[in-house]
Amino acid sequence: MVLCVDDEDLVFKALADPTRRLLLDRLFERDGMSLIELEAEVPQLTRFGVMKHLRVLEEAGLVVTRKQGRHKHHYLNSVPIRLIYERWIDKYRDRRAAALLELRDQLEGRR
Amino acid sequence: MTPAPHAATATQVYQLYIRASQEEVWDAITNPAIVAKFFHSAQVESTYEVGCKLRTLSPDGSDIWGDNTILECDPPRRLVHTWRSLYDQEQAAEPESRVTWEIEAQPGGFAKLTLVHDRLDASPKTAASVRGWSYILSNLKTVMETGEALPPIR
């Protein structure tokens, strides 16, 4: 496997796919799933498809695997997303934009 | 949908690469002067010997944030200690959990740091709170690579 150190491109590419975002959401809800458990979460994909997407997520550092006994568990690693947030979002965040988003959320009854 | 009980769910894993040597990362996580820079300006007291205390205090020393115990210490590779969040009453009432820091040397002048926070099965409030490790660890990376801390979390 290619060792990916600090590669923002890999994170953005990994996040650009809806199936991979779905897998991350599932891991956020229930961290540490095995391959079989993850397959059950996305029945529309083949085992090969799930493995392929997991590999992309792992290379981007968004998923970390750990072996416990016979089982390999998949964990959501939120650090690369935090680094992107600090680099690309926090820096450019402006108060007016935040206030408008809050207003929209209120009007749409999200809070 | 309520997630089914799941042993591995009680485990959180955080991993990042830092442009530093294994020894430098070890020093950063065990040197109180550096820990303060990336961990909420906390005061840390420990001799980092197995069985000894790892005490974390608020910046002015008036509040105890953590009164934990060193379980394993293998410089510059592995540090394991207990965790109980004393800064929050509800979390402090939950069972003790465990934090493991693993540092691996990597080619190209990088170190890989993996933090595993586990034994959170019966500590849901603590589990939700320590999701903030990603902020702490990205702060550590910034401190080590640029010498500066990030602005405080909002």
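Here the protein sequences line up with chains A and B, keeping their order.
Mapping of the first sequence onto my numbering: position 2 corresponds to residue -9, and the numbering continues sequentially without gaps.
Counting from 1 along the second sequence, just add 31 to a position and that's the residue number in my numbering.
Built from N, CA and C at the ideal position, the CB exists for glycine as well.
Nearest to residue i by alpha carbon, out of the options?
{"i": "residue 78 of chain B", "options": "B:148, B:72 and B:63", "result": "B:63"}
{"i": "residue 92 of chain B", "options": "B:105, B:102, B:76 and B:81", "result": "B:76"}
{"i": "residue -4 of chain A", "options": "A:76, A:32 and A:22", "result": "A:76"}
{"i": "residue 69 of chain B", "options": "B:84, B:90 and B:155", "result": "B:90"}
With the cut-off set at 8 Å, would you say residue i and residue j are in Cβ contact?
{"i": "residue 46 of chain A", "j": "residue 169 of chain B", "result": "no"}
{"i": "residue 65 of chain B", "j": "residue 73 of chain B", "result": "no"}
{"i": "residue 50 of chain A", "j": "residue 122 of chain B", "result": "no"}
{"i": "residue 97 of chain B", "j": "residue 117 of chain B", "result": "yes"}
{"i": "residue 193 of chain B", "j": "residue 102 of chain B", "result": "No information on residue 193 of chain B is available, as it lies outside the stretch 32 to 185 that chain B covers here."}
{"i": "residue 144 of chain B", "j": "residue 41 of chain B", "result": "no"}
Can you tell me the Cα-Cα spacing of residue i and residue j, whole angstroms?
{"i": "residue 5 of chain A", "j": "residue 11 of chain A", "result": "11 Å"}
{"i": "residue 149 of chain B", "j": "residue 99 of chain B", "result": "15 Å"}
{"i": "residue 67 of chain A", "j": "residue 161 of chain B", "result": "12 Å"}
{"i": "residue 97 of chain A", "j": "residue 64 of chain A", "result": "33 Å"}
{"i": "residue 153 of chain B", "j": "residue 164 of chain B", "result": "19 Å"}
{"i": "residue 167 of chain B", "j": "residue 30 of chain A", "result": "31 Å"}
{"i": "residue 129 of chain B", "j": "residue 42 of chain A", "result": "31 Å"}
{"i": "residue 27 of chain A", "j": "residue 39 of chain A", "result": "8 Å"}
{"i": "residue 142 of chain B", "j": "residue 49 of chain B", "result": "5 Å"}
{"i": "residue 56 of chain B", "j": "residue 88 of chain A", "result": "39 Å"}
{"i": "residue 56 of chain A", "j": "residue 133 of chain B", "result": "15 Å"}
{"i": "residue 157 of chain B", "j": "residue 43 of chain B", "result": "11 Å"}
{"i": "residue 115 of chain B", "j": "residue 126 of chain B", "result": "7 Å"}
In chain A, which residues lie with their C-beta within 9 Å of the C-beta of residue i?
{"i": "residue 42 of chain B", "result": "20, 21, 55, 57, 62 and 64"}
At a cut-off of 7 Å, would you count residue i as near the ligand SAH, judging by its Cβ distance to the nearest heavy atom?
{"i": "residue 65 of chain B", "result": "Among the ligands in the structure shown, none appear at all, so the ligand SAH cannot be discussed."}
Please compile the residues from chain B whose C-beta is within a distance smaller than 8 Å of the C-beta of residue i.
{"i": "residue 45 of chain A", "result": "Within 8 Å Cβ-Cβ: nothing; residue 45 of chain A doesn't reach chain B, min ~16 Å."}
Please compile the residues from chain B whose C-beta is within a distance smaller than 7 Å of the C-beta of residue i.
{"i": "residue 72 of chain A", "result": "169"}
{"i": "residue 68 of chain A", "result": "45, 46, 47, 165, 168 and 169"}
{"i": "residue 50 of chain A", "result": "46"}
Let me check one thing: in DSSP terms, what residues is residue i bridge-paired to?
{"i": "residue 77 of chain A", "result": "The partner list for residue 77 of chain A (beta bridge, DSSP) is empty, contrary to what the question assumes."}
{"i": "residue 137 of chain B", "result": "B:141"}
{"i": "residue 53 of chain A", "result": "A:64"}
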